[in-house]
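Numbering (this note's numbering), first residue to last: 1132 to 1422. Ideal placement from N, C-alpha and C gives every residue a C-beta, glycine not left out. Fair warning: this is a prediction, and the values are worked out from it, not measured in the lab. Inspection log for the structure reproduced underneath, given as structure tokens.
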């Protein structure tokens, strides 16, 4: 049963990129609705007395950390969804998965040393990034810009996760996630207003894609993985999350007809191989699932 649930979860998170790439709506609007609907989906589970007590007991520094995490999550969605519109789903998903490497780099800046195996895995992943950006640079400046935006999305995802680790001892997963989603939705909503992008007048097909992202990524994806954390190790969950990269590329090829150059798939394989080494060889922290 757990293997079946893991398969459902991987298919759920893998569908997120192709669905957002195929939705005919501005990237900021997609990010806004993805988080607004996600907040509404989780809110009933965070409405209990225990969750309210956790949030009211949070001190000023804790709230500053939560707000920072929410803003980082907003930048993550803003850059990643934009990247999905500019480059291939395979390239964008591979680039954003570099958050694993960014976490190690940030840890190093904080004085945490990485083993030689982890450094080697990071180096392999960086080579994969260079391969993909080189291929996309030969295609168009737009595709290269998409790659760089996806990398920013990976960096801000890492900052979001690391900020969360400092308050998760005092907050449940549900309380933390719904609060960050809410802050993220507010930030992206304001960005939509400032940028004067369309937020409502979409086709039925586009609305269906936006709702489907919430269902697949949140309810069938990360919620199921959160459940599996009770019976599987964080390291195994981290490895399962990496399967989103080839999964998204496969779904984009089937449903969007995307066939990037062979070099992109080579870079994807290098990144994935390097990240597997990083995940397996570094100490296993708790996994925070929120996308």
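Residue i classed as buried or exposed, judged by whether at least 16 other C-beta atoms fall within 10 angstroms
i: residue 1388; result: exposed
i: residue 1327; result: exposed
i: residue 1321; result: exposed
i: residue 1246; result: exposed
i: residue 1358; result: exposed
i: residue 1178; result: exposed
i: residue 1135; result: exposed
i: residue 1132; result: exposed
i: residue 1192; result: exposed
i: residue 1188; result: exposed
i: residue 1165; result: buried
i: residue 1138; result: exposed
i: residue 1421; result: Any answer about residue 1421 is weak, because its pLDDT of 43 lies below 50 and its placement is not dependable; what the coordinates show is given next. By the neighbour-count rule (16 or more Cβ atoms within 10 Å), residue 1421 is buried.
i: residue 1261; result: exposed
i: residue 1398; result: buried
i: residue 1329; result: exposed
i: residue 1252; result: buried
i: residue 1243; result: exposed
As assigned by DSSP and simplified to three states, the class of residue i
i: residue 1390; result: coil
i: residue 1414; result: coil
i: residue 1399; result: helix
i: residue 1336; result: helix
i: residue 1234; result: helix
i: residue 1301; result: coil
i: residue 1328; result: coil
i: residue 1362; result: coil
i: residue 1229; result: coil
i: residue 1155; result: coil
i: residue 1352; result: helix
i: residue 1144; result: helix
i: residue 1293; result: helix
i: residue 1167; result: helix
i: residue 1374; result: coil
i: residue 1134; result: helix
i: residue 1183; result: helix
i: residue 1174; result: helix
i: residue 1239; result: helix
Residues near residue i in its chain [Cβ-Cβ closer than 6 Å; skip 5 each side]
i: residue 1150; result: 1340, 1343, 1344
i: residue 1212; result: 1151, 1158, 1161, 1162
i: residue 1283; result: 1210
i: residue 1155; result: 1337
i: residue 1206; result: 1287
i: residue 1203; result: 1287, 1290, 1291
Other residues of its chain near residue i: CB distance less than 7 Å, five sequence neighbours each side excluded
i: residue 1248; result: 1408, 1412
i: residue 1414; result: none
Contacts around residue i, its chain only, beta-carbon distance under 8 Å, and the 5 residues preceding and following it disregarded
i: residue 1390; result: 1384
i: residue 1153; result: 1340, 1386, 1387
i: residue 1347; result: 1142, 1143, 1144, 1146, 1147, 1150
Whole runs of the beta strand (DSSP E) within the region 1244–1286, excluding any shorter than 3 residues = The region 1244–1286 contains no whole beta strand (DSSP E) run of 3 or more residues.
Does the region 1384–1404 come within contact of the region 1255–1271, defined as at least 3 CB pairs closer than 8 Å?
-> Because the criterion of three Cβ pairs below 8 Å is met, the region 1384–1404 and the region 1255–1271 touch.
Ordered list of alpha helix (DSSP H) runs contained in the region 1190–1225, each at least 4 residues = Scanning the region 1190–1225 for uninterrupted alpha helix (DSSP H) segments of 4 residues or longer gives 1191–1217, listed from N- to C-terminal end.
Take every Cβ of the region 1235–1250, pair it with every Cβ of the region 1265–1272, and state whether three or more of those distances are shorter than 8 Å.
-> Verdict: no, contact absent.
Is the number of C-beta pairs between the region 1276–1293 and the region 1211–1226 that are closer than 8 Å three or more?
-> Taking 8 Å as the limit for Cβ pairs, the verdict is that the region 1211–1226 does touch the region 1276–1293.
Between the region 1164–1183 and the region 1297–1308, are three or more C-beta pairs nearer than 8 Å?
-> A contact exists between the region 1164–1183 and the region 1297–1308.
So, do the region 1371–1390 and the region 1187–1201 have three or more beta carbon pairs nearer to each other than 8 Å?
-> When C-beta atoms of the region 1371–1390 are compared with those of the region 1187–1201, fewer than three pairs fall below 8 Å, so the two segments do not count as touching.
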